[in-house]
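Chemist:
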Amino acid sequence: MKKLKIALLLGCAVASFSALADGSTLKFGLEAQYPPFESKSATGELQGFDIDLGNAVCAAASVKCEWFDTSFDGLIAALQARKFDAINSAMNVTEKRRQAIDFTNVIYRVPTKLIAKKDSGLLPTVETLKGKHIGVLQGSIQESYAQAHWAPKGVDIVSYQDQNQVYLDLSSGRLDGTLVLAPAGQSGFLSRPDGKDYGFVGDAVRDDKILGSGIAFGLRKGDAALKEKLDTAIAKVQQDGVVKTLSKKYFGDIDVSVK
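Per the numbering used here, residue 542 is the first one in the sequence shown, and the count goes up by one each step.
Listed below in structure tokens is the structure:
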């Protein structure tokens, strides 16, 4: 038994070292169904803000990126099961998630807003949403926010494994609105023909305890060496203006800077 424990510890140490060595491969986990952060092109290639950001961070860290696609609500469990090294999927840093995993330094921050029909009169308030059906992505902080602030006061919160299905049900009239990260809602729905009658309604919702302090890479608990290497690479791409350039490319005028 003692020899087995030693072997396991050595195996973990080798795995940790290989993930940090220059020229090695860093495995990112993501859900590729959340444009403009991450999605697949018509030819099946990964694309989006987080993909470009991940590649830039890998280049700065002198490692190669490899990507593993899984459902968003299964990312933390898959990380803990060592199916990949880090989560790179527009995941906000929250107190609840910190109980399960660690994070790099915050890389960017985006607002969470409600999408509804332009003439609906809806706002992100209990008074206007009571009795309405609001779609959210399962496992997201938007789901947590809606369940905490709206569901107990009569708002029907409907969770989906795929944000694209939320948009389909919204445009077909089965939902009254959806709570999303603003850039995702803009490119994934509002900029498309089926979103022409819809828009962001009201101001961004705020609750730092639930919605978090910003978006970062998720790491396994205690993976200090990988955190240090990624934090150094993240600081470099921020200082080089890469985050700002990618933000303009994918989000337009939406400010994602960390304040």
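Yeah, the Cβ is synthetic: ideal placement off N, Cα and C, and Gly gets one too.
Using C-beta distances below 8 Å, list every residue in its chain close to V783, excluding the 5 sequence neighbours before and after it, in chain order.
Modeler: To locate residue 783, count along the sequence shown from 1; it is residue 242. So the qualifying residues of the chain are L594 and A597.
Chemist: So, for G740: in the same chain, excluding its five sequence neighbours on each side, which residues have a beta-carbon less than 6 Å away from its beta-carbon?
Modeler: As a first step, residue 740 is located in the sequence shown; it is residue number 199 there, counting from the start. Excluding sequence neighbours, G740 sits near K659.
Chemist: What residue range does the beta strand (DSSP E) around K605 cover?
Modeler: For the purposes of this step, residue 605 is taken as the residue at position 64 of the sequence shown. Unbroken beta strand (DSSP E) run through K605: K605 to D610.
Chemist: The beta strand (DSSP E) that contains T566, what's its start and end?
Modeler: Counting from 1 along the sequence shown, the entry for residue 566 is found at position 25. Taken as a continuous stretch (DSSP letters only), the beta strand (DSSP E) holding T566 covers T566 to L571.
Chemist: Between which two residues does the beta strand (DSSP E) harbouring D697 extend?
Modeler: Your numbering for residue 697 matches position 156 in the sequence shown. First-last of the beta strand (DSSP E) with D697: D697 to Y701.
Chemist: Looking at E572 and F865, is the spacing between their C-beta atoms short of 8 Å?
Modeler: The displayed coordinates of the chain run from 542 to 800. Any statement about residue 865 would go beyond what the structure contains.
Chemist: Apart from the five residues just before and just after R650, which ones in its own chain have a Cβ nearer than 7 Å to its Cβ?
Modeler: The residue you call residue 650 lines up with position 109 of the sequence shown. The residues are G755, I756, V797 and V799.
Chemist: Tell me which same chain residues have a C-beta within less than 6 Å of the C-beta of L664, skipping the five on either side of it?
Modeler: Counting from one through the sequence shown, the residue named residue 664 turns up at place 123. V742 and G743.
Chemist: Return the chain-ordered list of same chain residues with a C-beta closer than 7 Å to the C-beta of K543, the five sequence neighbours on each side being excluded.
Modeler: For the purposes of this step, residue 543 is taken as residue 2 along the sequence shown, with counting starting at 1. Note that K543 scores 46 on pLDDT, short of 50, meaning its location in the model is unreliable and no value can be drawn from it.
Chemist: Alpha carbon to alpha carbon, what distance is there between I648 and R747?
Modeler: In the sequence shown, residue 747 corresponds to position 206, counting from 1. In the sequence shown, residue 648 corresponds to position 107, counting from 1. Cα to Cα, R747 sits roughly 19 Å from I648.
Chemist: Assuming I675 and G718 form a contact by the criterion Cβ under 8 Å, report the distance between their Cβ atoms to the nearest whole angstrom.
Modeler: For this step, residue 675 is matched to residue 134 along the sequence shown. For this step, residue 718 is matched to residue 177 along the sequence shown. Right, the Cβ-Cβ distance comes to about 5 Å (below 8 Å), so this counts as a contact.
Chemist: Taking the beta carbon of K750 as the centre, do at least 16 other beta carbons fall within 10 Å, making it buried, or is it exposed?
Modeler: Here residue 750 refers to the residue found at position 209 of the sequence shown. Counting Cβ neighbours within 10 Å, K750 comes out exposed, since fewer than 16 surround it.
Chemist: Helix or strand or just coil, what does DSSP make of G743?
Modeler: By 1-based counting over the sequence shown, the position of residue 743 is 202. In this structure, G743 counts as strand in the three-state DSSP scheme.
Chemist: According to DSSP, simplified to helix, strand and coil, what is Q574?
Modeler: Residue 574 sits at position 33 when you count from the first residue of the sequence shown. If DSSP states are grouped into helix, strand and coil, Q574 belongs with coil.
Chemist: In this structure, what does DSSP give as the bridge partners for S588?
Modeler: If you number the sequence shown from 1, residue 588 lands on position 47. Checking the sequence, you will find Gln at residue 588 rather than Ser. S580, per the DSSP bridge assignment.
Chemist: Mind checking S713: buried by the 16 CB within 10 Å criterion, or exposed?
Modeler: By one-based count along the sequence shown, residue 713 stands at place 172. When all chains shown are included, S713 counts as exposed.
Chemist: Does the beta-carbon distance from V721 to W691 come in below 8 Å?
Modeler: Looking up residue 721 in the sequence shown gives position 180. Looking up residue 691 in the sequence shown gives position 150. No, these two residues do not count as a Cβ contact at 8 Å.
Chemist: Using DSSP with H/G/I as helix, E/B as strand and the rest coil, what is G729?
Modeler: Against the sequence shown, residue 729 aligns to sequence position 188. Three-state result, G729: helix.
Chemist: CB-CB under 6 Å to V604, same chain, minus the five flanking residues each way: which ones, in chain order?
Modeler: Mapped onto the sequence shown, residue 604 falls at position 63. S565 and L567.
Chemist: With which residues is G759 paired in a DSSP beta bridge?
Modeler: If you number the sequence shown from 1, residue 759 lands on position 218. Looking at the DSSP assignment, G759 forms a beta bridge with I628 and F644.
Chemist: Can you name, in chain order, every residue of its own chain whose Cβ lies under 6 Å from the Cβ of D563, other than the five neighbours on each side?
Modeler: The residue labelled residue 563 in the question sits at position 22 within the sequence shown. The residues are S603.
Chemist: 8 Å is my cut-off, CB to CB: does A774 come that close to chain B?
Modeler: Given the protein chain composition of this structure (a single chain), no chain B is represented.
Chemist: Looking only at its chain, what residues have a beta carbon closer than 7 Å to the beta carbon of D610, apart from the 5 residues adjacent to it on each side?
Modeler: Reading the sequence shown from its first residue, position 69 is the one you call residue 610. Contacts found: L571, E572 and A573.
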